[in-house]
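In the numbering used here, the protein residues as written are 76 to 259.
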Amino acid sequence: YTPKDIKAFRNNPDISELIFVLETYIKHTLNSYEMDAVFFWIDELKFSKELAEYLIESSVESGHSNVSYMEKIAMDWVKEEITTIEQAKHFTVTHSKAYRAVVKAFGINGRNLGEVELTYLNKWTKEYGFDHEIIQEACNRTLSNIQRPSFKYANSILTSWNKQNLRTLQEITNTDTPYKKTKK
(Lines of atoms letter the chains of each structure in order from A; the text may use other names.)
(Lines give C-alpha, C1' and ligand atoms only; values in the text may rest on other atoms or scores of the structure.)
Protein backbone atom coordinates (compact mmCIF):
# COMPACT_ATOMS: atom_id res chain seq x y z
CA TYR A 76 0.00 0.00 0.00
CA THR A 77 1.17 3.51 -0.76
CA PRO A 78 1.70 6.09 1.98
CA LYS A 79 -1.47 7.81 0.75
CA ASP A 80 -3.43 4.53 1.13
CA ILE A 81 -2.02 3.97 4.59
CA LYS A 82 -2.98 7.48 5.68
CA ALA A 83 -6.52 6.98 4.39
CA PHE A 84 -6.79 3.63 6.19
CA ARG A 85 -5.48 5.09 9.44
CA ASN A 86 -8.06 7.90 9.24
CA ASN A 87 -10.88 5.35 9.03
CA PRO A 88 -12.23 4.90 12.60
CA ASP A 89 -13.15 1.24 12.01
CA ILE A 90 -9.65 0.38 10.84
CA SER A 91 -8.07 2.38 13.67
CA GLU A 92 -10.17 0.40 16.14
CA LEU A 93 -9.22 -2.87 14.45
CA ILE A 94 -5.53 -1.97 14.68
CA PHE A 95 -6.01 -1.19 18.37
CA VAL A 96 -7.73 -4.56 18.92
CA LEU A 97 -4.95 -6.45 17.15
CA GLU A 98 -2.19 -4.58 18.99
CA THR A 99 -3.94 -5.30 22.29
CA TYR A 100 -4.14 -9.03 21.55
CA ILE A 101 -0.61 -9.45 20.21
CA LYS A 102 0.87 -7.04 22.79
CA HIS A 103 3.02 -4.96 20.48
CA THR A 104 2.76 -2.16 17.96
CA LEU A 105 2.08 -3.49 14.47
CA ASN A 106 4.97 -3.58 12.04
CA SER A 107 4.42 -2.70 8.37
CA TYR A 108 3.74 -6.33 7.37
CA GLU A 109 1.08 -6.69 10.09
CA MET A 110 -0.45 -3.33 9.18
CA ASP A 111 -0.64 -4.36 5.51
CA ALA A 112 -2.38 -7.60 6.56
CA VAL A 113 -5.12 -5.64 8.35
CA PHE A 114 -5.56 -3.35 5.35
CA PHE A 115 -5.68 -6.41 3.06
CA TRP A 116 -8.47 -8.06 5.09
CA ILE A 117 -10.62 -4.94 4.85
CA ASP A 118 -9.67 -3.61 1.42
CA GLU A 119 -9.06 -6.69 -0.72
CA LEU A 120 -10.91 -9.48 1.09
CA LYS A 121 -13.83 -7.17 1.92
CA PHE A 122 -14.09 -8.37 5.53
CA SER A 123 -16.35 -6.34 7.75
CA LYS A 124 -14.72 -4.85 10.83
CA GLU A 125 -16.64 -7.38 12.93
CA LEU A 126 -15.47 -10.35 10.85
CA ALA A 127 -11.86 -9.15 11.03
CA GLU A 128 -12.21 -8.76 14.81
CA TYR A 129 -13.56 -12.31 15.06
CA LEU A 130 -10.60 -13.51 12.97
CA ILE A 131 -8.22 -11.92 15.46
CA GLU A 132 -10.10 -13.08 18.57
CA SER A 133 -10.58 -16.68 17.43
CA SER A 134 -6.95 -16.96 16.32
CA VAL A 135 -5.61 -15.67 19.63
CA GLU A 136 -8.11 -17.80 21.57
CA SER A 137 -6.79 -20.89 19.79
CA GLY A 138 -3.24 -19.96 20.76
CA HIS A 139 -2.14 -18.28 17.53
CA SER A 140 -1.24 -14.61 17.87
CA ASN A 141 0.89 -14.58 14.71
CA VAL A 142 -0.56 -12.40 11.95
CA SER A 143 0.72 -14.86 9.31
CA TYR A 144 -1.52 -17.51 10.87
CA MET A 145 -4.44 -15.08 10.80
CA GLU A 146 -3.78 -14.42 7.12
CA LYS A 147 -3.91 -18.14 6.38
CA ILE A 148 -7.25 -18.44 8.17
CA ALA A 149 -8.54 -15.36 6.31
CA MET A 150 -7.63 -16.99 2.99
CA ASP A 151 -9.34 -20.23 4.06
CA TRP A 152 -12.47 -18.22 4.81
CA VAL A 153 -12.34 -16.60 1.38
CA LYS A 154 -12.04 -20.04 -0.28
CA GLU A 155 -15.06 -21.23 1.75
CA GLU A 156 -16.95 -18.02 0.85
CA ILE A 157 -17.32 -17.05 4.49
CA THR A 158 -18.70 -13.54 4.85
CA THR A 159 -20.45 -13.55 8.22
CA ILE A 160 -19.39 -14.15 11.80
CA GLU A 161 -21.88 -17.04 12.07
CA GLN A 162 -20.30 -18.77 9.08
CA ALA A 163 -16.85 -18.13 10.54
CA LYS A 164 -17.87 -19.55 13.93
CA HIS A 165 -19.23 -22.69 12.28
CA PHE A 166 -16.03 -23.06 10.25
CA THR A 167 -13.89 -22.55 13.36
CA VAL A 168 -15.76 -25.21 15.30
CA THR A 169 -15.82 -27.75 12.48
CA HIS A 170 -12.09 -27.34 11.88
CA SER A 171 -11.04 -27.53 15.51
CA LYS A 172 -8.98 -30.29 17.10
CA ALA A 173 -11.87 -31.05 19.46
CA TYR A 174 -14.26 -31.51 16.53
CA ARG A 175 -11.85 -33.88 14.77
CA ALA A 176 -11.23 -35.77 18.02
CA VAL A 177 -14.96 -36.39 18.57
CA VAL A 178 -15.60 -37.41 14.96
CA LYS A 179 -12.64 -39.79 15.04
CA ALA A 180 -13.37 -41.26 18.49
CA PHE A 181 -17.05 -41.85 17.69
CA GLY A 182 -16.29 -43.12 14.17
CA ILE A 183 -18.55 -40.56 12.52
CA ASN A 184 -18.06 -40.72 8.76
CA GLY A 185 -19.86 -39.16 5.83
CA ARG A 186 -21.62 -36.39 7.76
CA ASN A 187 -20.96 -33.29 9.80
CA LEU A 188 -21.98 -33.02 13.43
CA GLY A 189 -25.54 -31.79 13.92
CA GLU A 190 -26.59 -28.71 15.87
CA VAL A 191 -27.25 -30.62 19.11
CA GLU A 192 -23.85 -32.33 18.83
CA LEU A 193 -22.16 -28.98 18.17
CA THR A 194 -23.90 -27.56 21.23
CA TYR A 195 -22.33 -30.29 23.34
CA LEU A 196 -18.93 -29.67 21.74
CA ASN A 197 -19.16 -25.93 22.40
CA LYS A 198 -20.11 -26.62 26.01
CA TRP A 199 -17.10 -28.88 26.48
CA THR A 200 -14.61 -26.50 24.89
CA LYS A 201 -15.97 -23.04 25.74
CA GLU A 202 -17.87 -23.49 29.01
CA TYR A 203 -15.78 -26.27 30.54
CA GLY A 204 -12.51 -25.33 28.81
CA PHE A 205 -11.46 -28.90 28.00
CA ASP A 206 -8.88 -29.55 25.31
CA HIS A 207 -9.32 -32.13 22.57
CA GLU A 208 -7.40 -34.86 24.44
CA ILE A 209 -9.78 -34.77 27.42
CA ILE A 210 -12.81 -34.76 25.13
CA GLN A 211 -11.42 -37.68 23.16
CA GLU A 212 -10.85 -39.61 26.40
CA ALA A 213 -14.49 -39.08 27.39
CA CYS A 214 -15.62 -40.29 23.95
CA ASN A 215 -13.38 -43.35 24.21
CA ARG A 216 -14.79 -44.14 27.66
CA THR A 217 -18.29 -43.72 26.31
CA LEU A 218 -17.63 -46.37 23.67
CA SER A 219 -15.97 -48.66 26.23
CA ASN A 220 -18.88 -48.41 28.64
CA ILE A 221 -21.94 -48.47 26.38
CA GLN A 222 -20.46 -49.74 23.07
CA ARG A 223 -21.97 -46.93 21.00
CA PRO A 224 -21.41 -43.21 20.44
CA SER A 225 -23.47 -41.03 22.76
CA PHE A 226 -22.96 -37.32 23.21
CA LYS A 227 -25.26 -37.40 26.22
CA TYR A 228 -23.15 -40.08 27.93
CA ALA A 229 -19.87 -38.32 27.05
CA ASN A 230 -21.40 -35.12 28.42
CA SER A 231 -22.10 -36.81 31.75
CA ILE A 232 -18.45 -37.88 31.96
CA LEU A 233 -17.15 -34.42 31.09
CA THR A 234 -19.60 -32.72 33.43
CA SER A 235 -18.35 -34.94 36.25
CA TRP A 236 -14.74 -34.12 35.46
CA ASN A 237 -15.58 -30.44 35.30
CA LYS A 238 -17.28 -30.56 38.71
CA GLN A 239 -14.19 -32.28 40.12
CA ASN A 240 -12.01 -29.64 38.43
CA LEU A 241 -10.00 -32.30 36.59
CA ARG A 242 -8.08 -30.67 33.75
CA THR A 243 -5.42 -33.18 32.67
CA LEU A 244 -5.36 -36.84 31.71
CA GLN A 245 -3.04 -37.46 34.67
CA GLU A 246 -5.55 -35.95 37.10
CA ILE A 247 -8.29 -38.11 35.60
CA THR A 248 -6.14 -41.24 35.87
CA ASN A 249 -5.27 -40.42 39.49
CA THR A 250 -8.98 -40.07 40.28
CA ASP A 251 -9.75 -43.36 38.51
CA THR A 252 -7.31 -45.42 40.61
CA PRO A 253 -9.17 -45.21 43.96
CA TYR A 254 -12.50 -45.71 42.16
CA LYS A 255 -11.26 -48.91 40.48
CA LYS A 256 -9.98 -50.26 43.81
CA THR A 257 -13.33 -49.71 45.54
CA LYS A 258 -15.16 -51.20 42.58
CA LYS A 259 -13.12 -54.43 42.86
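We put the beta carbon where it would ideally sit given N, CA and C, even for glycine.
Would Tyr203 pass as a contact of Asn237 if the rule is Cβ separation under 8 Å?
Contact: yes.
If the criterion is Cβ atoms closer than 8 Å, does the pair Phe122 and Phe84 meet it?
Against a cut-off of 8 Å, the Cβ pair of Phe84 and Phe122 comes out as no contact.
If we require 3 or more residues per run, which beta strand (DSSP E) segments fall completely within the stretch 190-221?
Entirely contained in the stretch 190-221, not one beta strand (DSSP E) run reaches 3 residues.
Using only the alpha-carbon positions, how far apart do Glu161 and Thr252 sit?
Their Cα atoms are separated by approximately 43 Å.
Got a sec, what are the start and stop residues for the alpha helix (DSSP H) His103 sits in?
Element bounds for His103: n/a, residue is neither H nor E.
CA-CA distance, Phe205 and Thr159?
In a straight line, the C-alpha of Phe205 is about 27 Å away from that of Thr159.
Using 8 Å as the threshold, is the C-beta distance between His207 and Ala173 below it?
Yes. Within cutoff.
Have a look at His139 and Met145 and give me their C-alpha separation to the nearest angstrom.
The alpha-carbon atoms of His139 and Met145 are separated by roughly 8 Å.
Taking all protein chains shown into account, decide if Tyr108 is buried (16 or more other Cβ within 10 angstroms of its Cβ) or exposed.
Exposed.
I'd like the span of the alpha helix (DSSP H) that includes Asn237, first residue to last.
Run containing Asn237: Phe226 to Lys238, per the alpha helix (DSSP H) assignment.
So Ala176 packs on Ile210, CB below 8 Å; how close in whole Å?
Correct: roughly 6 Å between the Cβ atoms.
Just the Cα atoms here: how many angstroms apart are Ser235 and Asp151?
About 37 Å.
CB-CB under 6 Å to Glu192, same chain, minus the five flanking residues each way: which ones, in chain order?
Closer than 6 Å at Cβ, skipping near neighbours: Phe226.
To the nearest angstrom, how far is the alpha carbon of Val96 from that of Ile131?
Each residue's alpha carbon lies about 8 Å from the other.
The alpha helix (DSSP H) that contains Asn86, what's its start and end?
Taken as a continuous stretch (DSSP letters only), the alpha helix (DSSP H) holding Asn86 covers Pro78 to Asn86.
Judging by CA-CA distance, which residue of Asn220, Tyr100, Glu119 and Leu93 is the nearest neighbour of Tyr76?
With distances taken between Cα atoms, Tyr76 lies closest to Glu119.
For Gln245, which of Ser231, Val168 and Glu212 has the nearest alpha-carbon?
The candidate whose alpha carbon is nearest that of Gln245 is Glu212.
Thr248: which of Ser231, Gln222, Ile221 and Arg216 sits nearest, CA to CA?
The shortest C-alpha separation from Thr248 is found at Arg216.
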